[in-house]
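Chemist: Residue 82 in full-length UniProt numbering sits at position 82 of the sequence shown, with consecutive numbering throughout. In this text, a Cβ means the ideal position worked out from N, Cα and C, and glycines have one as well. Following this message is one structure expressed as structure tokens.
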Amino acid sequence: MDNSFFMIGGVYMNYEHIKELKILNAALIIGGLVLMFLSVTFGTAIGDSWLDGVGGMADTSNYERIVDTQTNNFVIIGSILFGAGVLTSLGTFYFSARYIKGEEE
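Now the structure itself:
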């Protein structure tokens, strides 16, 4: 493919930029999904670590609160990464469609 530059919204793009954006999008989406689906595992591990740090004895409600809070944190962070990946994927698809259209003209 030709590495000629084209302008989209005041930004010069070429095929290599689009390829890098696709890789970034995939990493964001996969990272977000991993964080969301493994949030319980990560939250429990952090809760267990906290429990070890306080000597192994703590109120059950405190332990549950720590685990729930950490699990929710991972779900939220994963959702943000996943959403950012999907949104940038839509933008990348638009840019690549314009790039291909620009090559045909």
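1) Judging by CA-CA distance, which residue of GLY91, ILE77, TYR94, ASN72 is the nearest neighbour of VAL40?
2) Could you tell me the distance, in whole angstroms, from the CA atom of MET1 to the CA atom of SER89?
3) Hey, which unbroken runs of the alpha helix (DSSP H) at 4 residues or more fall wholly within the stretch 20-62?
4) How is ASN14 classed by DSSP in three states: helix, strand or coil?
5) For ILE66, is the classification buried or exposed, using 16 other Cβ atoms within 10 angstroms of its Cβ as the cut-off for buried?
6) Going by CA-CA distance only, name the one from GLY56, GLY85, THR92 that's closest to ASN30.
Modeler: From the atom records:
1) Restricting attention to GLY91, ILE77, TYR94, ASN72, the CA atom closest to the CA of VAL40 is found in ASN72.
2) Because MET1 sits at a pLDDT of 46, beneath the cut-off of 50, its placement in the model cannot be relied upon, and the following sentence gives the value as read from the coordinates. Roughly 21 Å between the two C-alpha positions.
3) 39-53
4) Residue state, collapsed to three classes: coil.
5) buried
6) In the sequence as presented, Asn is not what sits at residue 30; that position holds Ile. Nearest Cα to ILE30 within the set GLY56, GLY85, THR92: GLY85.
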